[in-house]
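The C-terminal residue of the sequence shown carries number 398 in my numbering, and the numbering is unbroken.
C-beta atoms are modelled at their ideal positions from N, C-alpha and C, and glycine is treated no differently.
Reading through the structure tokens given below for one structure.
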Amino acid sequence: MRVLTQTSPYGRHGVAGWSMFRRMGAQGRAWMRRGLLAVLAIWLMVLSQGALAISCSVSFSMPQNTSITYTMTGGDNAACDPVGAGIAFDAAGDGNSLTPVASSPTAHGGTFYIYNTVPGGTGNGFTYVPPSPSFSGTDTATFFITSDGGTWTPTGSLTITVVPNSPTVNSISPTTGSTAGNTNVTITGTNFTGVTAVKFGATNATSFTVNSTTQITATSPAGSAGVVDVTVTNGGGTSTTSAADQFSYVAPPTAGPTSITVAHGSTNNPATVNVTGSPTSLAVGTQATHGIATASGLSLTYTPNSSYSGTDSFTYTATNAGGTSAPATITVTVSNATVTYAPSSPVAGSVGTAYSQSLASASGGTA
32 MRVLTQTSPY
42 GRHGVAGWSM
52 FRRMGAQGRA
62 WMRRGLLAVL
72 AIWLMVLSQG
82 ALAISCSVSF
92 SMPQNTSITY
102 TMTGGDNAAC
112 DPVGAGIAFD
122 AAGDGNSLTP
132 VASSPTAHGG
142 TFYIYNTVPG
152 GTGNGFTYVP
162 PSPSFSGTDT
172 ATFFITSDGG
182 TWTPTGSLTI
192 TVVPNSPTVN
202 SISPTTGSTA
212 GNTNVTITGT
222 NFTGVTAVKF
232 GATNATSFTV
242 NSTTQITATS
252 PAGSAGVVDV
262 TVTNGGGTST
272 TSAADQFSYV
282 APPTAGPTSI
292 TVAHGSTNNP
302 ATVNVTGSPT
312 SLAVGTQATH
322 GIATASGLSL
332 TYTPNSSYSG
342 TDSFTYTATN
352 AGGTSAPATI
362 TVTVSNATVT
372 YAPSSPVAGS
382 VGTAYSQSLA
392 SASGGTA
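Following this line, the structure appears as structure tokens:
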């Protein structure tokens, strides 16, 4: 049998690197070792930084005035716990699997508990308690995670959105106002947190102020005569309508001109008015020149000066929940005085003869 052989140009070992390494001497080999160690150090640093660089975000929503236990989803775990080591509050990563580990307060003073195994379930999760029953909005916190099971960093980010409960309207006051708007209405109810709108029917209130979680003051916009519902909206929804939230728009009454005739020297004569729109009261506007006009409730009276006969006038207005009418004029005619005396047919006199006669009585005039 013939055996084929080939001589390597690099020596009998046939490996150029090995031959070169042997020929480098001690100093060359030392430099190479240093290079290899430097490369190894760089790789170790890269691996270490990779473990430290992991971060993740978990978010969930919950209703107001409750606490919630949240179990992380598969996507959450893939980002926050890639090696299945669990999550932990403390830097050592030794949170018990069934015992909650309380964190320091969240950004808004709430508290969250961290589990490697949530109660009644499996896997990582949290229990969150809001800072107060009335709190709504966004709260945040951090937790410790690891990408290698040995290095723990506080780079887990938790965001909780607390959605307010929908508001309710229990009463409003007053329940009526002018079609011109500008009525200040006090709204009483519940869950007035994060209020974004107050409406009279389909129209936004001119302005509103949330005084507390149970009271709002709103200014009514202009509207048409009739009944509308007052509603309140927040992040949880809009209040359900009911008879308790109904607001009545009332148009101001309209007053028209009238005229009356009264006797000379008379008193407290009723004055006829011409009003539409269901007034609740009447008032004298411009006072009479030759007498006194008086308003009481829905009645007007006029008394002329005792010695006056002729024409007089005054104005009046009518008011209801919708406002006050423009003034209207009442024209008054005060009759001439009627003079009476007794005896009505005294004894006749004679021409050229002095005459004297006494009257038993006289009335209707002034001296």
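Just measuring C-alpha positions, the residue of Thr244, Val370 and Val193 sitting nearest Val263 is Thr244. Its chain contains Thr250 and Pro252 as the residues whose beta carbon lies nearer than 6 Å to that of Thr237, once the 5 sequence neighbours on both sides are disregarded; these appear in chain order. If the five residues before and after Tyr159 are omitted, its C-beta is found closer than 6 Å to the C-beta atoms of Ile99, Phe143 and Ile191, all from its own chain and listed in chain order.
The beta carbon of Asn242 sits closer than 7 Å to the beta carbons of Thr248 from its chain, once the five residues preceding and following it are set aside; these are given in chain order. Leu329 is not bridged by DSSP to any residue. By the criterion of a C-beta distance shorter than 6 Å, Pro284 is surrounded in its chain by Val306, Gly308, Pro310, Ala349, Asn351 and Ser356, once the five residues flanking it on both sides are discounted. The three-state secondary structure of Gly156, taken from DSSP, is strand. Counting along the chain, Asn108 sits inside the alpha helix (DSSP H) bounded by residues Gly105 to Cys111. Residue state for Ala249 is assigned as strand, using DSSP reduced to three classes. Spanning the alpha carbons of Ser312 and Leu329 requires a straight line of approximately 5 Å. Secondary structure at Ala319: coil, using DSSP grouped into helix, strand and coil. Sequence-distant Cβ neighbours of Pro162 in its own chain, meaning closer than 6 Å and more than five residues away, are His139, Gly140 and Gly141. Under the 10 Å beta carbon count, Asn299 is surrounded by fewer than 16 other beta carbons and is classified as exposed.
By the Cβ rule, the stretch 286 to 296 does not count as touching the stretch 219 to 226, because fewer than three pairs are nearer than 8 Å. A distance below 8 Å separates the beta carbons of Gly322 and Asn336. Under the DSSP assignment, Asn305 falls in the beta strand (DSSP E) whose first and last residues are Asn305 to Thr307. Look at Ala314 here: in three-state DSSP terms it is strand. Contact between Val114 and Asp170 fails: their C-beta atoms lie close to 29 Å from each other, not under 8 Å.
Non-local C-beta neighbours of Ser344 in its own chain, meaning closer than 7 Å and more than five positions away in sequence, comprise Ala319, Thr360, Ile361, Thr362 and Val363, ordered along the chain. Counting along the chain, no beta strand (DSSP E) covers Gly117, and no H or E run does either. By the neighbour-count criterion, in which a residue is buried when 16 or more other Cβ atoms sit within 10 angstroms of its Cβ, Ser167 is buried.
For Ala324, the three-state secondary structure derived from DSSP is strand. Between the alpha carbons of Thr214 and Gly208 lies a distance of about 6 Å. In this structure, Tyr280 places its C-beta atom within 8 Å of the C-beta atom of Val259.
Judged by beta-carbon spacing, Gly268 lies beyond the 8 Å limit of Ser165, meaning their Cβ atoms are not closer than that value.
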